[in-house]
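Working notes for the structure below.
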Amino acid sequence: MAEPKLSPSLPPPGALVIIRSLIYFVVFYVVTALYLVLGSWLLVGPRSWAMKGLEVHGRTCVWLLRLICGTKLEVRGHENLPKTGCLVISKHQSAWDTFGLISLFRDPAIVLKDELKWIPFYGWFCVKFEHILVKREKASAALKSMIRDAKQRISIGREVVIFPEGTRTIPGAPPDYKPGYVALYEALGVVTVPLALNSGLFWPRRSLWRYPGTIVVQFLPPLPPGLPRAEFRTRIETAIEAASTRLIEEAARGPSPPPLATLKERTIAD
């Protein structure tokens with residue numbers, strides 16, 4: 109039997125959501141294109157300049173989302189993020205995560221697919237930011253490369269951020285954590301911060317619609333280094349999934365819940 113998946117059957121959005129979403133779609137890509145093209149000079153300067161530009165872009169897009177679509181941002185537990193290098197294990201539900209999370213870190217190094225570096229402008233910036241680019245088709249070599257690069261980033265005090273499921277997941281879908289994040293935890297020997305969110309409710313994957321409400325990003329209590337593999341994996345996955353589920357339920361109780369938050373039959377069989 110195939111694995112269950114979240115039902116894609118959702119009611120059509122209202123006229124206001126459609127209009128706001130289309131306006132934001134145009135504005136977002138115009139702003140992003142201008143940043144990539146006009147900000148290309150940052151590629152020849154220090155990495156810190158490029159990272160500051162990335163932060164400004166992220167903050168701008170988050171602000172525009174609130175202004176145009178009525179989608180706010182709330183950050184909880186930010187005090188759980190250490191001031192030194194650490195590992196962050198994050199839920200990944202939406203394209204929003206790729207820019208909305210940036211300004212919440214001091215100097216993040218994000219684990220990404222290696223093929224992204226070949227995208228004009230965007231890929232060049234990924235290389236400039238010294239994110240951790242992984243060739244997924246060569247598992248053993250990719251793991252060694254990821255650990256080597258992550259150790260270097262940690263050594264200079266950066267946060268290493270990984271999305272352990274490897275792709276955007278629909279809110280409430282059964283989790284599918286890949287083992288690479290456990291290998292990172294064991295190799296780095298640093299504090300690890302679980303990160304829960306509900307961004308996929310308001311900016312669904314593979315959808316043009318942006319729903320009003322509040323995206324919540326929650327930094328959970330950190331886990332110490334040196335835990336046994338099985339205990340670490342259980343604790344990290346339980347913490348992230350439980351917190352993410354609570355955020356979905358919280359959104360469902362709101363005055364104007366997005367469709368995914370109130371979906372009754374959350375799974376169907378293929």
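Going from the sequence shown to our numbering is simple: count from 1 and add 108.
Just so you know, even glycine gets a beta-carbon here, dropped at the ideal spot from N, CA and C.
The structure displayed is predicted, hence computed values, not measured ones.
From the options, pick the residue whose C-alpha is nearest to that of residue i; which is it?
{"i": "Gly147", "options": "Leu305, His165, Gly297, Pro363", "result": "His165"}
{"i": "Arg214", "options": "Thr322, Ala295, Val269, Arg341", "result": "Val269"}
{"i": "Arg343", "options": "Val290, Ala360, Ile356", "result": "Val290"}
{"i": "Ser211", "options": "Val170, Pro332, Arg341", "result": "Val170"}
{"i": "Pro365", "options": "Trp157, Gly308, Ala247", "result": "Gly308"}
{"i": "Pro333", "options": "Ala295, Val135, Arg184", "result": "Ala295"}
{"i": "Asp284", "options": "Glu345, Ala249, Val183, Pro367", "result": "Glu345"}
Report yes if the C-beta distance between residue i and residue j is below 9 Å; otherwise report no.
{"i": "Arg256", "j": "Lys221", "result": "no"}
{"i": "His72", "j": "Thr277", "result": "A query on residue 72 cannot be resolved here, the shown segment of the chain reaching from 109 to 378 and no further."}
{"i": "Gly297", "j": "Lys286", "result": "no"}
{"i": "Thr353", "j": "Pro330", "result": "no"}
{"i": "Val384", "j": "Trp317", "result": "With the chain running from 109 to 378 in the structure shown, residue 384 is simply not present."}
{"i": "Pro320", "j": "Arg155", "result": "no"}
{"i": "Cys194", "j": "Ile240", "result": "no"}
{"i": "Asn306", "j": "Ala369", "result": "yes"}
{"i": "Leu172", "j": "Val139", "result": "yes"}
{"i": "Pro302", "j": "Leu335", "result": "no"}
{"i": "Ile323", "j": "Gly208", "result": "yes"}
{"i": "Gly313", "j": "Ala203", "result": "Before going further, note that residue 313 is Arg rather than Gly in the sequence given. It is a contact, given that the beta carbons lie within the stated cut-off."}
To the nearest angstrom, how far is the alpha carbon of residue i from that of residue j?
{"i": "Ile197", "j": "Asn188", "result": "13 Å"}
{"i": "Trp389", "j": "Phe233", "result": "Summary: the structure shown does not reach residue 389, with the chain confined to residues 109 through 378, and so no result is reported for it."}
{"i": "Glu357", "j": "Leu150", "result": "42 Å"}
{"i": "Phe271", "j": "Gln326", "result": "15 Å"}
{"i": "Ile264", "j": "Gly288", "result": "22 Å"}
{"i": "Pro315", "j": "Glu267", "result": "The residue asked about is misnamed: residue 315 is Ser in this sequence, not Pro. Near 30 Å, if we compare the C-alpha coordinates of Glu267 and Ser315."}
{"i": "Arg361", "j": "Lys259", "result": "42 Å"}
{"i": "Ala123", "j": "Arg341", "result": "44 Å"}
{"i": "Tyr137", "j": "Leu224", "result": "18 Å"}
{"i": "Ser282", "j": "Arg167", "result": "Note that residue 282 is Pro in the sequence shown, not Ser. So the alpha carbons of these two residues sit roughly 31 Å apart."}
{"i": "Met159", "j": "Pro279", "result": "29 Å"}
{"i": "Thr192", "j": "Leu292", "result": "17 Å"}
{"i": "Glu339", "j": "Leu251", "result": "21 Å"}
{"i": "Pro228", "j": "Ala347", "result": "37 Å"}
{"i": "Pro363", "j": "Lys236", "result": "43 Å"}
{"i": "Glu111", "j": "Thr206", "result": "Here the model assigns Glu111 a pLDDT of 37, short of 50, so the residue's position is not dependable and the matter cannot be decided."}
{"i": "Ser253", "j": "Val242", "result": "7 Å"}
{"i": "Pro190", "j": "Cys177", "result": "33 Å"}
{"i": "Ala247", "j": "Tyr143", "result": "34 Å"}
{"i": "Leu175", "j": "Ala359", "result": "20 Å"}
{"i": "Ile131", "j": "Arg337", "result": "47 Å"}
{"i": "Pro121", "j": "Val135", "result": "20 Å"}
{"i": "Trp157", "j": "Glu163", "result": "10 Å"}
{"i": "Ile218", "j": "Tyr230", "result": "14 Å"}
{"i": "Val183", "j": "Pro119", "result": "29 Å"}
{"i": "Pro216", "j": "Gly161", "result": "13 Å"}
{"i": "Glu238", "j": "Leu181", "result": "27 Å"}
{"i": "Leu355", "j": "Ala304", "result": "8 Å"}
Beta-carbon of residue i versus every beta-carbon of chain C: anything under 9 Å?
{"i": "Val219", "result": "The chain labelled as chain C is not found in the depicted structure, where only one protein chain is given."}
Look up residue i in the DSSP assignment and give the residues it is bridged to.
{"i": "Arg184", "result": "Gln326"}
{"i": "Ser198", "result": "Leu303"}
{"i": "Gly321", "result": "Thr179"}
{"i": "Leu331", "result": "Thr300"}
Would you check whether the ligand SAM has a heavy atom nearer than 8 Å to the C-beta of residue i?
{"i": "Ile127", "result": "With respect to small molecules bound, the structure shown includes none, and the ligand SAM cannot be examined in it."}
(message) Report the start-end ranges of each alpha helix (DSSP H) in the segment 200 to 269 that is 4 residues or longer and not cut off at the edges.
(response) 205 to 208, 230 to 236, 247 to 263
(request) Tell me the start and end of each unbroken alpha helix (DSSP H) in the segment 114 to 194 that is at least 4 residues and wholly inside, in chain order. (result) 123 to 146, 155 to 177
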